[in-house]
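Residue numbers (this note's numbering): -8 to 506.
Just so it is clear, CB atoms sit at the ideal spot from N, CA and C, and this is done for glycine as well.
Quick caveat: nothing in here was measured; it's all calculated off a predicted structure.
Scroll down for the structure; my scribbles are underneath it.
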Ligand code: ATP
């Protein structure tokens, strides 16, 4: 097992051990690619949602939210193209009987060459330090050049397959590239087949009247069908956006990566409606702003990269992903799509209802264009959790596991410990809790030695622990201990609130977005 795989395994078991993520229906051995969030997980998830919602809705006067139903009229999905085209190409290895996404087999090979290039670049960066010129190195280093031309070659062939919807050519490419199944090690592949990812069920109590309906595979369509409702009732003027956080369902072909790829997951999507012709500009604007939102969390700027799509989905004229360095490599975290007027036009066509915007400046009626930002809440969660997980060797030879979660997102902001269970210390500690709990999620704990209580808080990412001791009774101060540095200092009880505000308020992240 590689070091990365091993690390990922540790993150997964830590997530379970500390109440972040449980397998769904675990007592029945679980349900594949479906997960539940535990007592700490739900807090982290809520904080991520809040960060997103505030950045989108509260910070933009021209963005409002909705919460639309999961079930939608079945024609929605005919119109949107999902019934006919929401497919992924699947391929089986006949020896291992394992199923894969054919496109991912090819993309993973590209990622291997990219990783080789990155390795060479990092080596050279170290060697040449300040004199290092990456662009020049990429142009001249023979290894990098060879690997880059291999990537270009694969991408060109892959794009031809995608452009022509040619599944036979995709299989041939897999064979030509000598891609083997990681389990069996063979290239004994079946043909590539298209597989529709939508779950369907039936609505209606009488079988003969029942209608096939779908569990939505994206939240976006709930926004599109409400476009005119919101525009008219909110008196919205272009450009404006509608944001939504909600569940989506996809019958994913491969479901082996914990909460990275789930069959039931949550999306945070925002559709930004713009005047036709201005979409390119807005697409660039949102690409930049979304990257800023991620980087403001301070999880390492070099852990993010853009990835432009070779072939945007059926509805888009441009598309890019923001990728994050997950424990298993750079993978999509968020998609930014210029969706043209595809969705609204299709809904006009299928519903026979006009979905036009009346532009009072030009006195024209038109179907707006749309730029979408779509981030998976669960993938965000995984990016935070995997980035936060740190094993440390301490000076005294002991070890600790600490989750360096950005303080604004931490499930619990403050733990309050009385040093002992007597002498009135618990009473003071509880008074502090009673005061701070209106603004912060706090936890009170009096069991075990202080050191062990600290470790438990490190393991769930609590940024601050305070200890009430005998001195607290005399001078109304406590010891505050910082999660990351483990430094301790005395602080007046009355200063705690402003200290917490300064260190954990989401405002500090949001301010960076305006910079
Ligand atoms: P992928 O290529 O990884 O299948 P996608 O391009 O199909 O993803 P989009 O349709 O652009 O994904 O969905 C937007 C976002 O929703 C993705 O960036 C991702 O964060 C999230 N997402 C999509 N599918 C899943 C899933 N099965 N589990 C968890 N999150 C998902």
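When only Cα atoms are considered, residue 9 and residue 296 end up about 30 Å apart.
The secondary-structure analysis by DSSP pairs residue 277 with nothing; it has no beta-bridge partner. C-alpha of residue 401 to C-alpha of residue 35: approximately 6 Å in a straight line.
Following the DSSP letters along the chain, one finds residue 104 inside the alpha helix (DSSP H) bounded by residues 93 to 119. A direct Cα-Cα distance of roughly 33 Å separates residue 97 from residue 119.
Excluding the 5 residues flanking it on each side, residue 151 has same chain C-beta neighbours closer than 8 Å at 157, 160, in chain order.
Nearest to residue 335 by alpha-carbon distance, out of 192, 53, 345, 364, is 345. For the pair residue 63 and residue 207, the CB atoms are nearer than the 8 Å cut-off.
Distances from the CA of residue 141 to each of 102, 316, 468 were compared; the closest alpha carbon is that of 102. With a cut-off of 7 Å, the C-beta of residue 485 is classified as distant from the ligand ATP, since no heavy atom of the ligand falls inside that distance. Residue 257 is classed as buried because its beta carbon has at least 16 other beta carbons within 10 Å across all chains shown. In summary, residue 434 is buried, with 16 or more beta-carbon neighbours lying within 10 Å of its beta-carbon over all protein chains present. Short of 7 Å from the beta carbon of residue 436, and not among the five residues preceding or following it, lie these beta carbons of its own chain, in chain order: 406, 408, 444. Contact check for residue 218 and residue 68: beta-carbon distance about 17 Å, past the 8 Å limit, so the pair fails to qualify. The C-alpha of residue 348 lies about 41 Å from the C-alpha of residue 81.
Using a 10 angstroms sphere on the CB of residue 222, the tally of other CB atoms reaches 16 or more, which defines it as buried.
For residue 256, the shortest C-beta to heavy atom distance toward the ligand ATP is below 7 Å.
As DSSP reads the structure, residue 380 sits in a beta bridge with 394. A direct Cα-to-Cα measurement between residue 3 and residue 27 gives close to 13 Å. Following the DSSP letters along the chain, one finds residue 442 inside the alpha helix (DSSP H) bounded by residues 441 to 451. The ligand ATP has no heavy atom closer than 7 Å to the beta-carbon of residue 320. Taking non-hydrogen atoms of the ligand ATP into account, the C-beta of residue 226 is found less than 7 Å away from none of them. Judged by DSSP in its simplified three-state form, residue 366 adopts strand.
One thing to note: residue 377 has its Cβ no nearer than 8 Å to the Cβ of residue 324. In the DSSP assignment, residue 180 is bridged to 84.
Excluding residues up to 5 positions away in sequence, 10 lie with their Cβ nearer than 6 Å to the Cβ of residue 30 in the same chain. Nearest neighbour of residue 424 by Cα position, chosen from 488, 474, 410, 442, turns out to be 488. Short note on residue 324: C-beta closer than 7 Å to some heavy atom of the ligand ATP. Counting C-beta pairs with one atom in each stretch, the region 361 to 370 and the region 245 to 261 have three or more that are closer than 8 Å, which means they touch.
Taking 8 Å as the cut-off, the beta carbon of residue 329 is found no closer than this to the beta carbon of residue 304. With a cutoff of 8 Å on beta-carbon distance, residue 236 and residue 498 are scored as not near each other.
Membership of residue 233 in the beta strand (DSSP E) is indicated by the continuous run 231 to 240.
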